[in-house]
Structure formats: structure tokens, C-alpha cells
Amino acid sequence: MKNSILILFLLLFSGTLFSQEIAGRVVDEKGNGLPSANISNVTSKLNVASDLDGNFKIKANKGDNLKISMVGYTTKNVKATSNVVIVLQEEVSTINEVVVIGYGTKKAGAITGSVSQIKAADIVKTPAQNAIQAIQGRAAGVNIVTNDEPGANPTIRIRGLGTLLGARDPLYIIDGVEASSLNGLSPNEIATLDILKDASSLAIYGQKGSNGVVVVTTKRGKGEIKVNYDAYYGQKFIQRKVKMSDSYRYAYYNNTALGSSSYFNFTQPNNTTWLDEITSTGEVISNYISLSGGVDNANYYFGATNYKEKGILNGTEFERTNISSRNEFKLLNKTLKITPAINVAIVNNTPKPLSAFTNAYKQSPIVPVKFANGRWGVPLRDPATGLIDINGSDRFNNVGNPVAQLYYTNEQNKNVTLFGSIGAELQIFKDLKFNSNFGATYDWSRGYTYTPSREIYLSQNPTDEIADYPAASPINTLNQRRGSSYRWNWDNFATYKKTFGNNELTFVAGMSRSTINVSENLSGTRWNVPEQTNYWSLDFSSYLNPTNPFDVIRNGNSTPIVSIAYFARAEYEYDNKYLLTATIRKEGISAFQANKRWDYFPSISAGWVISKEKFMENVKFLNYLKFRGGYGEVGNGNSPNSTNNLVFSPNYNYAFGDNQNIYPGNNQNFKVDPNLTWETMKEIDFGIDFNMLSNKLSGTIDVYNRTSSDVILPVTPPSVISPSPIIVNAGDVNNKGFEMSLKWNSKINDNFNYYVSGNYSYNKNELKSVDNLFFSDLIGGSINNGAWTKKVLVGEALGSFYVYQVTGLNGDGNFTYSDERVVAGSYLPTYTYGFSFGGNYKNLDFSVDAYGVGGNKIYNGKKAQRFGGENIEYDVLQDFWTPSNPNATNPTPSNTVPVSSTYYIEDGDYLRINNITIGYTLPEIYEKIKKVRLYVTAINPFLFTKYSGYSPELSGSGNGEPLGSAGVELDSYPTNKSFILGLNVSF
Numbered sequence: 005m006k007n008s009i010l011i012l013f014l015l016l017f018s019g020t021l022f023s024q025e026i027a028g029r030v031v032d033e034k035g036n037g038l039p040s041a042n043i044s045n046v047t048s049k050l051n052v053a054s055d056l057d058g059n060f061k062i063k064a065n066k067g068d069n070l071k072i073s074m075v076g077y078t079t080k081n082v083k084a085t086s087n088v089v090i091v092l093q094e095e096v097s098t099i100n101e102v103v104v105i106g107y108g109t110k111k112a113g114a115i116t117g118s119v120s121q122i123k124a125a126d127i128v129k130t131p132a133q134n135a136i137q138a139i140q141g142r143a144a145g146v147n148i149v150t151n152d153e154p155g156a157n158p159t160i161r162i163r164g165l166g167t168l169l170g171a172r173d174p175l176y177i178i179d180g181v182e183a184s185s186l187n188g189l190s191p192n193e194i195a196t197l198d199i200l201k202d203a204s205s206l207a208i209y210g211q212k213g214s215n216g217v218v219v220v221t222t223k224r225g226k227g228e229i230k231v232n233y234d235a236y237y238g239q240k241f242i243q244r245k246v247k248m249s250d251s252y253r254y255a256y257y258n259n260t261a262l263g264s265s266s267y268f269n270f271t272q273p274n275n276t277t278w279l280d281e282i283t284s285t286g287e288v289i290s291n292y293i294s295l296s297g298g299v300d301n302a303n304y305y306f307g308a309t310n311y312k313e314k315g316i317l318n319g320t321e322f323e324r325t326n327i328s329s330r331n332e333f334k335l336l337n338k339t340l341k342i343t344p345a346i347n348v349a350i351v352n353n354t355p356k357p358l359s360a361f362t363n364a365y366k367q368s369p370i371v372p373v374k375f376a377n378g379r380w381g382v383p384l385r386d387p388a389t390g391l392i393d394i395n396g397s398d399r400f401n402n403v404g405n406p407v408a409q410l411y412y413t414n415e416q417n418k419n420v421t422l423f424g425s426i427g428a429e430l431q432i433f434k435d436l437k438f439n440s441n442f443g444a445t446y447d448w449s450r451g452y453t454y455t456p457s458r459e460i461y462l463s464q465n466p467t468d469e470i471a472d473y474p475a476a477s478p479i480n481t482l483n484q485r486r487g488s489s490y491r492w493n494w495d496n497f498a499t500y501k502k503t504f505g506n507n508e509l510t511f512v513a514g515m516s517r518s519t520i521n522v523s524e525n526l527s528g529t530r531w532n533v534p535e536q537t538n539y540w541s542l543d544f545s546s547y548l549n550p551t552n553p554f555d556v557i558r559n560g561n562s563t564p565i566v567s568i569a570y571f572a573r574a575e576y577e578y579d580n581k582y583l584l585t586a587t588i589r590k591e592g593i594s595a596f597q598a599n600k601r602w603d604y605f606p607s608i609s610a611g612w613v614i615s616k617e618k619f620m621e622n623v624k625f626l627n628y629l630k631f632r633g634g635y636g637e638v639g640n641g642n643s644p645n646s647t648n649n650l651v652f653s654p655n656y657n658y659a660f661g662d663n664q665n666i667y668p669g670n671n672q673n674f675k676v677d678p679n680l681t682w683e684t685m686k687e688i689d690f691g692i693d694f695n696m697l698s699n700k701l702s703g704t705i706d707v708y709n710r711t712s713s714d715v716i717l718p719v720t721p722p723s724v725i726s727p728s729p730i731i732v733n734a735g736d737v738n739n740k741g742f743e744m745s746l747k748w749n750s751k752i753n754d755n756f757n758y759y760v761s762g763n764y765s766y767n768k769n770e771l772k773s774v775d776n777l778f779f780s781d782l783i784g785g786s787i788n789n790g791a792w793t794k795k796v797l798v799g800e801a802l803g804s805f806y807v808y809q810v811t812g813l814n815g816d817g818n819f820t821y822s823d824e825r826v827v828a829g830s831y832l833p834t835y836t837y838g839f840s841f842g843g844n845y846k847n848l849d850f851s852v853d854a855y856g857v858g859g860n861k862i863y864n865g866k867k868a869q870r871f872g873g874e875n876i877e878y879d880v881l882q883d884f885w886t887p888s889n890p891n892a893t894n895p896t897p898s899n900t901v902p903v904s905s906t907y908y909i910e911d912g913d914y915l916r917i918n919n920i921t922i923g924y925t926l927p928e929i930y931e932k933i934k935k936v937r938l939y940v941t942a943i944n945p946f947l948f949t950k951y952s953g954y955s956p957e958l959s960g961s962g963n964g965e966p967l968g969s970a971g972v973e974l975d976s977y978p979t980n981k982s983f984i985l986g987l988n989v990s991f
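Now the structure itself:
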């Protein structure tokens, strides 16, 4: 009996006892090893995973069935043989794209959060000095407001606005280096932008991620030596102009306003078009060259870019030179990888005051640029003739000469920004690796402003001579300034990844330390320096009168903000079908008092790839379908008082003694709330990702609801408690919305392929509640004439316009208004959308991109800023109140300061064609030249909007500050349209 059992045992397990170890390698179609591929012996049910180079060993008999699978590649079955090489073909699907997430990467098909990826080809398609400006309309849920002023930053809001006083911008991660913008990085250097949008994706970044995270992966070297050269030249023009009244119509309107028929003579000697006088054709030129390559144990990349722009506003110039180097070295039998990187950006900027646009809009056309004797034109009228006259005694408006304003503005700024990183990755053993990354950014700035005070006085008083200038007043003023800022972050984390059977586990754990807000500024001012530019030095000042020290020199240092965090993430996948991710981050920040510095930020998300279920096998049109959902919490630790401690403000000087000598003093402006702590954003997100129709159609749909609680707001207690407002946690802001992205990729034949893509986003922003009795009258949106236009109101969007409602016209033709102000909409759009169309026909390529917004309002501030005697828009003259036209759109002519009202509120909806490009790749003419492509691009060639001003796209001052000039057209740089000729060459 025992012998029979032994024989049966041997028969049953002989396959295992006598199997041998088969070695092999899994590679892609280019021969590159594929790590973490799953190799399954179907016969024995044994599973192993390939190593970093794609190599594997598995116990199997020759001829056994091996099943090889990997996310993003077509599953393959082969017979077991010695030294077998298995080539996996990549699935043609967006689910295979590698997406960068917090402290790691994943295939898009395994993502359980909401992430949008934009590739290099889409970034450089629209030539721009900033990469964020170039990607407008390419990602759902990402609202980008561009700014065409040379050197200016666009504003970016991801899934709405959740804070009023805290930081509003996303966190930028450039190859592991934390940054506040991309202005120091050339768009040509970027390989991908991954935008993390939902809280479950952001929680691992803690308090830094409340406004989203933009992860930037730059270009690297690989394989044989490659040289790329890209260049373009273009011209810029104002996209649209506002037609103003000519001299005759100006005289007619103002005579009517003054109740006179002859105050202004209808036959004036001048008819100045001021906008044409301060603008000209702008130019842009860019040159980029890179050298890259690699060998088995090292790769390298070197790039250099020079970007120059002359703005449409006369005198504005911007130039940036970028030099970058990135390398990778593999040591210790490829178990240690060292990745140093460095980028230097040298920027020279010559700005001019944007108020020149407002002055050009308002200044009368009867005023000449210069009078016949060469003196600057000013609004002086001869009462006897009603004509413009240099000797006139009546100054009929207070608007400056915008051409003189630009001429006498002398400002230069220079910045040198150095950011770099050093990273190390150690493969401790097959399933465990450790990463350490240190990154830092250092910025040096210097600049000067020269103000010729006497010349400005003479330009405004054209009959005065130098002898008439007050002797005690400075002839000129020179301000010179220096500054520096520094930030750094150091991240250390370990990653354990284990595959067994159809299961895959990934654990990430680490810590992060960062320091920001390390800066110093020094500014010196002197009077009466030599007029020659090469002698503009503070040491050459001849002004020796006693002066307030604060008017001569200023020096400031910021308080550093330190963050320390510990984080962990666990990910589980079963059969590439069931996905689960959980993260936790504990973070402390020095911005708050000791007992309020630390908090936890958790998240959890899950995904179900339902298309892999057996019951979906017969649904042939559907290639991929994933349901996902997640919840997460992130913080915002940025408050106006960086340390939340009592601050004594300097420069409150006092006079003491018989001689009333001035002594420096300090003042405590406001109290602090010891309980001030994080704003916390909590979000729930549900999404669907799908590919269908042979992967030709792909798409993503998301629905989200996020609430920012403990929003930091200023409150105004009685002055005996605090002379100025106190910053407290007092509000709740909600953003809820819907996002959808679709893309169709197909081809008509082997010579003609094309794509069509589009995205749509809806967001509703609302201040849900304010829990503080002292919160009131938080207003903004100044028009600089004593009027304001915005107020923070519970139940409304942040930055809502709050003005008087126009109820009609009275018997004199003047507006009548509501007794109380009313909410008139918000500058924040409720929906945005973008679409693209493009393709290739043989060597010809083409693309069209468009972007639009809707549901937002604009306050026409330049139109509302009137004091009397300013010019008027042509269209206003076409329909204003008279006794014979009592139902006119516009009131009777008036020269009084306008009331902030709905009359100046306009729809901000627009659709703009952002880009039209046609390119042609030349046939191969020399074997060492791999590619020569010529292209022409039109940027912003067409705009469709009902808004009557220069541009409906208004980022405003203070980086889109809700209570600032965002959505108010006043002192704004008009949107440009550009026409570009470019060249791409690859060797």
C-alpha cells in the first residue's frame, strides 16, 4: 500500500520535481527591457516578475505554456525554451502613457485619481515665453488666463478658487524641485506636464497641494547622439481695438455734456489717435538648440534657449536666456543611479506703465502729441476760440499725455535664476529601492528706475521754462534695488514593489523638508544724479538737503517658512482590474503657532477596470472602461502673516524735542489669532476613463465636490482690540463641477491621419458661510476714482461684482439706480472649453486649437474711470439720450464721476482661435539630417465676443487677486495676435 501511494505521488508531481529553471527576457519592440512584467507558467501556476532589465528565471519544462502580461502591453503566450526572448507590443491606447504622480510614476490605466497629461508636442505648438500660457484649453478643469505683456505670468486655477487670502497658484515640481512658477524654464525643455487635480492625488503633497500640482518632467538624453535646433520669428499686433471718437465727435459730446454749443470748437487743428501713437508692431524671436544622447551606463542632455520679445507697447522689451544640463549615471552594476541637473535663466526686462493704455483711451483727440514748438501736448483750451492752445487757460481734463508718459519712464530689471537638483536612486534589492532628491532655487534681482522729475513737470506745463521749476524740488530721482530669494526642498523615500501572481503591491514611505520665503531686498534712492545714463549712480547725487532716512534707503528681510512632512502611500492592483490607493501625510509648518502647526492629510481612491470582466468580453466596441472614485484632504498654510506672531511695522517716525528732530518708530498694526491654522480642502471625485472603437475614441469624465473649510479671512473688531483687521479662520468655500475630455484618433489611409479632441469644464464657486461676527465690508475692485466694484458675500462666488442696478433714465436723461447694491456676477467663469483638430497628410501637418469661457462678467473699468473732459467711445455717440431719443442705451452726456453700476458690467464670454499651424517636413536630402520642418503659425488670429473692450481676458494685478483688478479692464495689456514663421531641424 505504501509503495502504491509513493508511486501515485511521484506521478502527480513529476512535472514539478523534474522541471528546470528557464531563463529569458521580456523586451519592447525596440529591444528595451521591460521591468515588472508578469511571467506565468500556465501549466504549474507559478508566477515571477522580470527585473529592471526585463530578465527573468522561472521553473518550467520545455514546451510549457508561459503567459506574459504587463499593463500597457498586449498579453502574449509562448512555449518555454532556454534563453527565450519575448517581445511585447505596446497597446495603442492612452491607458499606457506613463503619468508622473507624487513621488513616483504609474501607467495612466492604473491611475485612480484625476490627472491630465500634456506632452511636449502640444506645449511647443503655441510659441510662448511661458509653458502655462501655451497649454491654455488643453486640460479640462484648468482655467488659464493669459497675459501678453512681455515677461508676465499667466494665472492658472485648477478646479476653481478655494481661498481669498492664501496662496492661489498650484505647486510646480520640476524634476523634483519645488517652484512657484515656470517663468525660469524654457518651454522647449519640457517633455511632459502632469496636472494633478483631485484631492486623492494631491494629498501626498499635503498643505502644498490645495491648489493643484503641476509636475514637470524635462527632456533627457537617450541612445545615439541627437542634435535638435528650433527657431521662429514672428510679429505681434493688437488683437482688437476700441473705436474712439474723433475730434468733431469729441467736441459734440462734451459740448452737449456742458450744455454749450461752442465750448469746444468743432474745427480743431488736431485729430490724434492715441492708441496708434503708443503702440507699434511687436516682434518675437526664439532660438533653441539641444545635444543629447547616452550609453549603457550614462546619458546626457544639454540645451540652450534665447527668447526675445519686443512688445506692442512702445519701449517694452523682454529677453530670457536659458542654459540647462541634465545627466544620469548608473553605478555599482546599475544599482545606483545619480541624476544631477541644473538650469540657469538670465532675464532682462524693460517694462512700461500699463496705465498708458488707459490714458490713450481717455485722452482727447484734439490734444496733439506735441505742439508746434516741440513741447508735449496737454489738454489746454483757449476759452475765446474753443480751440486747443498751448497758451490756453482752461485745462479741460486731468489725463496725462501717454506718449510722454512712456518717454519719461526709464526702468530696467535683471534676474538671474539658478535652479538645480541632485538625485540618487539605489536599488537595494529586486523589489525595494530608495530615492533621495535635493532641489534648490536661487534668484538674484537688480534694477533701477530713473524719473526725470523736472522734465515731467515741464511736459505738463508747456509754457514754463527751466527757471520756473521750483528750486527746492529734485531735478530727477534714481532708485536702485537689489534682491535675492532662496528656496529648497529635500525628499527621501523608499519604494517597495512586489508582484505575485495577478497581484501587485506598491508601498512608498518617506519624508520631505522644505524652506521657502528666504529673501532680502535693498533699495536706495537719491536725487539729482547726472542725466547721462552711464552716470546713473547713487554716489553721483548732488542733492544734499536733509531727508527722511526712509525716503533714501529701505531694507527688508522675509521670515522663512519651514515645512516638515512624513508621508506614505499604499497601492494594490489585482489582475490589472481592481485598483486601490491610500495615502497619508503628516505635516508641520512654521507659519502657525506651535500648537497649530501639525495636521494629517489622508486620501483613499479606488478603480475598477470593468472592461476586463468576463461579462464584458462580448462588448466588442469597448476596449477599455474604468470607474474610479476618491476622497482626500489637503491643506493651505499660506497666510498674510507668515509667522502668525505680533509684528511691529517700521517707519512710523516721530518728531521730538525743541528742534523737532525726526526719530524712527515702530507700530503694532494688528493683533494675531493664536488659533489660526490651516485652510483644509476636502474633495470627493468620481470619474470614468474609456477607450472604444478600436481605441480610436478615448475620453474621461469627472464629477467633483470640494469644500475649503477654515478659510482665512480678515475681520474687523473694535479698534480698541486691534487697529487693523485680524486674520482668522472664518469661512467655507465650495467648488463643485463636471469635466469631460474626448479625443478621436484615426486615419483615412496610410498617408492621411487625423485627430479631433475637445474638453469641457463646469465649476460653481460659492462662499458657503462665514462664522465670525466681526466679518463685514470686505470690498475691492477699485477703479482708482474713489469707486469700488467687488465685495465678498456669503452665497456668492469669490470676487463677485457688487454694484448699483441701473433701473432706467429720468427726465433729464441721467441714470436712475437701485437703492442698494446688487450682485452682478463674478469674473470667475462657470464653464471653459477647448477643442483641437489636426493631422498629417504625407509630409504636410496641420492643426487648429481653440479656447473659450462663459458665465463670467467683466467690469469695463477704463470706461467707468471718468472725471470730466475725457474722450468717449464711438459707439456711445451713436445712441445717447436726448429729448428726441428718450429710449437710448446710453445716458445723456455727462462729465461727472460715474456711479459703480451694472451699466459697466458686460458679458465676459468669448471663443478664441488660439492657434492655426501648417507645417511641411522636407524629404530626406542628407542622411545625417534626420528632419527639416518648416511651419507657419497664427496665434490668436480670431476672437468672438460681445465684450466691447480691448480684451475679455483679464488676469488683473496681484496674480489674479479676487478683490483686485481681476476681471476689471483698467490699465490692462491688450491681447495680441501673432504670425510666426518657424524651423525645426534634427540631426
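Under this note's numbering, the first residue of the sequence shown carries the number 5, and numbering increases by one thereafter.
All residues carry an ideal CB built from backbone N, CA and C; glycine is no exception.
Computed from a prediction, not measured in an experiment: that's the story for all the values here.
Straight-line Cα distance separating residue j from residue i
i, j, result
"I565", "T519", "6 angstroms"
"W540", "T551", "20 angstroms"
"N347", "N441", "16 angstroms"
"N7", "K502", "Unreliable positioning characterises N7 in this predicted model, as indicated by a pLDDT of 49, which lies under 50. A coordinate reading is not provided."
"G315", "E153", "7 angstroms"
"Y837", "N303", "40 angstroms"
"N51", "N45", "6 angstroms"
"L583", "K616", "12 angstroms"
"N860", "P174", "22 angstroms"
"E957", "N818", "31 angstroms"
"L391", "R172", "52 angstroms"
"L926", "I933", "11 angstroms"
"Y656", "P668", "6 angstroms"
"I229", "L295", "7 angstroms"
CB contact check: residue i to chain B, cutoff 7 angstroms
i, result
"P718", "The structure shown contains no chain B, having only a single protein chain."
Where residue i falls: helix, strand or coil (DSSP)
i, result
"V373", "coil"
"R517", "strand"
"G210", "helix"
"R172", "coil"
"N671", "strand"
"E469", "coil"
"W540", "coil"
"L410", "helix"
Environment of residue i [buried if 16+ CB atoms lie within 10 Å]
i, result
"T196", "buried"
"L462", "buried"
"Q664", "exposed"
"T20", "Confidence is the limiting factor: at T20 the pLDDT is only 41, short of 50, which leaves the residue's position unreliable, though a coordinate-based value still follows. So T20 counts as exposed."
"K201", "buried"
Proximity to residue i [Cα-Cα], best of the options
i, options, result
"K49", "A376, L629, I62", "I62"
"G741", "N695, A498, I688", "I688"
"K247", "I943, E287, S961, Y878", "Y878"
"I876", "S449, N814, A255", "A255"
"I342", "P456, F433, S425", "S425"
"G238", "T130, Y257, T221", "T130"
"N899", "D393, G873, K935", "G873"
Runs of beta strand (DSSP E) wholly within the segment 40-127 (minimum 3 residues, chain order):
42-45, 50-53, 59-64, 69-74, 77-83, 88-91, 102-105, 108-111, 119-123
Check: Could you give the uninterrupted runs of the alpha helix (DSSP H) lying entirely in the segment 854-937, keeping only those of 4 residues or more?
Finding: 865-868, 878-882
Check your understanding: Could you give the uninterrupted runs of the beta strand (DSSP E) lying entirely in the segment 247-272, keeping only those of 3 residues or more?
Key -> none
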